[in-house]
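Protein chains in written order, with my numbering: chain A, 1 to 275; chain B, 276 to 767.
Note sheet for the following structure.
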Amino acid sequence: MKAVLLLLLAATAQAAKLAVESAKYSVVSAKGEPTTKSLSPSERSSSEIVRIGQDDILKLSFQVVDTTTKQGVQPAQAFLRFYDEQSGEEGIQPIRVASSGKAKFDLNMAKPPATLPPTSTAPLKVTLLLGSASYHPEKLELFDLYIPASHPAPVHPDEADFHVLPELKHTFNAPPNLPPRAVSALFAGLVLVVPWATLLGLWLAVGPQVPRLFSPNILPFTASLGAFEYLLYRYWVDLKLGDVITYGSVLGVITVFTGRHALASIADKRLGTQK
Amino acid sequence: MRATRSLSGTTVSSIFTLLLVLCITLAFGSSATAKSASSTGDSVLVILDSAKKVDYSIFLQGLEAKGYTVTVRSPRDESPLLIEDGLPNFSHVVFLASDTKNFAKDISPQTLVELLTLGTNLVLTLGLKQNLLTSLAPEFSLLLPPPATPLVSFFPERSDSPSVIPIAFDTKSVPNDTFSVLSQVENKIWFSGTPFALSANPLLFPILHAPAESFAADLSDSPGLVADALADAAEKGGEGFWAGSTLSVVAGFQTLIGGGTGHGNDAGPGEDKQSRVVWVGGPSLFSDEFATKKVVEKVETERGKSVVEKPSGNEQAAMDIAGWAFQEHGVLRIDEVKHHKVNQTDAPETYTTNDEIVYTVKISSFNPTTGKWERYSDLKDLQLEFTMLDPHVRTALPAVRGQKGVYSTTFRAPDRHGVFKFVINYKRKGFSHLLHTLIVPVVPPRHDGYPRFLSAAWPYYIGAISTSVGFLLFSAIYLAGEVKEEKKSKKE
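Shown next as structure tokens:
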């Protein structure tokens, strides 16, 4: 176990270190002079921010050297990694490094490379990955890059089905438009008050007398008329036609008899045969 | 005396042997009826050269410990057949012979696809050489790099070759609604093989991404040639260049249900059975060598950097990958569906428009440790659609508190009449597909189903009632009354 660890330490100690020297970038826009800035790539996250627009060209150049021999090195892997932390999109772009170790990379937004990931307004973290056999691998943060937003990545038409779909609510027809209840109440009140006031007023003026209201000759007939009105009310509220006709026919028979008796008694009264 | 003692001695020994035989039969009997952790079946076929069986002993023994019966078949053996008389012989097939080029006649891409339609789960490992799987992978929307370009990475720094890579599983890389297959794996996973890029196919989802610093290349050339080849490939555009964490080394594929509900009494043959496929970039992930290989890391301590050895996560990852593929985890089914009007319990024959409808569904998930289906309340995004040609209503089905596995919602039937369907169509990557449709008619209200009394009709009600009352009063007064004789009849 210890031997393996020591071997590993030995192996890594033997591997040489790569370094990136004279790293600089310049933003060439259609108008104005190119602005050149130097970079100090390190493993810690960089605070450098680069913004390029639709017609700008970002030119990056650096040289890869061996720290011990100070000679230029052409590593097997020299990649630029563009990573959008918000959306998780990633793009890897290999950089051509000459045998002297010098490397140049142009990012022309008019003709963006296919390896550039789809972007929104969030910045891309740009990292330089250097790897080669017999060297320590290096992962150096360069800068945060703001480029114009692109079209989003194409999505399979069925992809939405595999996530939560938006909720759908049915728009119902509006409930039927009724006039305000106050208006209905007002007119109901009018309908109630006006005719009854007239009727009661006229009756008061006439002053009818009802001596035989509760006489046993008349009352059954009045009661069966009342029962008919009650049946009409029940039909309106609750019953079905079949029931109503049944009850109505029974009531009708009763009413015929009580009515004949009542009207006969009135006739008798008028003709003087009854006191 | 002596006779009885010898007799008792023989009876004791015979009782003892009888008990021993009984114990043995019981032991064998219980192991014969032991169920595996899978919800679809116990038999596994591993297609592997018998000579290499010892290289995968940890994986095979792990499967047997979970209760599977494992059969190993060499690629050129004629038996046991994958499909016999139209029925699959095994519930699961693991394909570890990725270096073989010639196979028996019944191992072909067409047979593998037919196995999927018959409900058999597959674990397929790709190799660096071209074989029958190289032409099958694009059918599953996998994009493979050119042959003989394994995945290599110089990161993290290690004494192994660049093509043997320790990959750390990042739980943040799995979206919320996808099933995380490797969530139990804490250590790094050794991998050696080919990566693949995933096309946009929602049935396919990545289980383990390649590290961000990795790429597919043939490192046998000098570094300069390798770098130039990579730059040329990238300039070719499109998929000429394989690099980065968008590549996957393990990807899962879940088939959907054609009809029926996929499990239980409703599961028919054919497309009603769901099956899973896991594509792995190399069989070495399952090998003993990687399961026992230690991961050496430099760790920061108070005394500076120290070197720490940790075990690899391969054994756990292999069991998790096989477990998901063999339908142990993430397997759901619908047990019961009920619908009725609010304040009622039985389903009516028809609904009326604008009715309040209560819909309840009971869902179970398979628990591999107990081997039983248990009610499952953790679905957070289940949705119900009330559809007539197009969904008219789509609402969430939240879990009911206090009742495990019950999801319920109440909604108002639209005021369109017609034949509607309650549809549950739950598709999430890594979970089995839940599909259930119930047809109900929705009719317009009957002639007496409308509101009975309206406020606009109050004057008419009052009018009609006062007419009745007035008639009664008048007839009472007329019948009972007497016209006052006018005193003026004094003509005489």
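Glycine is no exception: its CB is placed at the ideal position from the N, C-alpha and C atoms.
Note that this is a predicted model, so its numbers are computed, not measured.
Short CB-CB distance (under 8 Å) between residue i and chain A
i	result
B/A731	yes
B/G534	Unreliable positioning characterises B/G534 in this predicted model, as indicated by a pLDDT of 45, which lies under 50. A coordinate reading is not provided.
B/I737	yes
B/L362	no
B/E546	Only weak support is given to the placement of B/E546: the predicted model assigns it a pLDDT of 44, under 50, and the value that follows is read from those uncertain coordinates. Not closer than 8 Å to any Cβ of chain A, the Cβ of B/E546 fails to qualify, so no.
B/H604	no
B/G499	yes
B/Q658	yes
B/L403	no
B/V718	no
B/G756	yes
Option in the options with minimal Cα separation from residue i
i	options	result
B/A526	B/D665, B/L397, B/T662 and B/A688	B/L397
B/E649	B/N618, B/K655, B/S640 and B/L657	B/S640
B/F601	B/D352, B/V456 and B/F444	B/V456
B/N364	B/V319, B/V744 and B/S383	B/V319
B/V694	B/G342, B/I358 and B/I714	B/I714
A/D106	A/R44, A/S29 and A/Y247	A/S29
A/E21	A/R51, A/D56, A/L142 and A/I49	A/L142
B/Y725	A/W196, A/P176, A/L192 and A/E229	A/P176
B/I752	A/T67, A/S132, A/G101 and A/V206	A/V206
B/A487	B/F430, B/V347 and B/A312	B/F430
B/E461	B/T346, B/V427, B/D595 and B/L357	B/D595
A/L192	B/L747, B/S550, B/S383 and B/T742	B/T742
B/D493	B/S436, B/T453, B/V449 and B/I532	B/S436
Beta carbon proximity, residue i to chain B, threshold 8 Å
i	result
A/E167	yes
A/F257	no
A/H261	no
A/A122	no
A/F187	yes
A/L229	The question names Leu, but residue 229 of chain A in the sequence shown is Glu. Yes, A/E229 lies at the interface with chain B (some Cβ there is under 8 Å from its Cβ).
A/G131	yes
A/K139	yes
A/E159	yes
A/N108	no
A/F79	yes
Range covered by the alpha helix (DSSP H) that runs through residue i
i	result
B/M594	N589 to A600
B/E339	S332 to A340
B/D324	Premise fails: B/D324 is in no alpha helix (DSSP H) and is neither H nor E.
B/R351	Element bounds for B/R351: n/a, residue is neither H nor E.
B/Q385	P384 to T392
Own chain residues within Cβ distance below 8 Å of residue i, not counting five before or after
i	result
B/S474	S416, L417 and L418
B/T684	V633, Y634, L659, T670, A671, L672 and P673
B/T628	A688, P689, D690, R691, H692, V717, V718, P719 and P720
B/P422	L403, K404, Q405 and T409
Proximity test, residue i beta-carbon vs the ligand NAD heavy atom, cut-off 7 Å
i	result
A/A223	The ligand NAD is not part of this structure, which contains no ligands at all.
6 Å Cβ shell around residue i - same chain, five flanking residues per side excluded
i	result
B/K613	T635
B/K637	D610, E611, G680 and V681
A/A16	D66, T68 and Y135
A/F162	none
B/D317	S311, Y343 and T344
A/G259	F221
Start-to-end residues for the beta strand (DSSP E) that takes in residue i
i	result
A/A23	L18 to V28
B/F697	G693 to Y701
A/A78	Q77 to D84
B/F480	L479 to H484
B/A472	F471 to L473
B/S581	G579 to P586
Cβ-based neighbour list, residue i, same chain, cut-off 7 Å, excluding 5 preceding and 5 following
i	result
B/V583	E572 and V574
B/T521	A472
A/P208	none
B/N642	E649
B/N589	I464, W465, L560, F565 and A566
A/P112	none
A/K139	E43, T127 and L129
B/S458	T446
message: Under 8 Å: do the region 90 to 97 of chain A and the region 149 to 167 of chain A share three or more Cβ pairs, one atom per stretch?
response: no
- request: Count the C-beta pairs between the region 59 to 66 of chain A and the region 496 to 505 of chain B that are closer than 8 Å, then say yes if the count reaches three, no if not.
  value: no
- request: Mind the definition here: the region 65 to 75 of chain A touches the region 114 to 133 of chain A only if three or more C-beta pairs lie below 8 Å; say whether that holds.
  value: yes
- prompt: Can you find at least 3 beta carbon pairs, one from the region 351 to 366 of chain B and one from the region 382 to 401 of chain B, that sit closer than 8 Å?
  reply: yes
query: Quick check: the region 107 to 122 of chain A against the region 45 to 60 of chain A, are there 3 or more CB pairs under 8 Å?
result: yes
message: For the pair the region 183 to 196 of chain A and the region 693 to 708 of chain B, tell me if three or more CB-CB distances fall below 8 Å.
response: no
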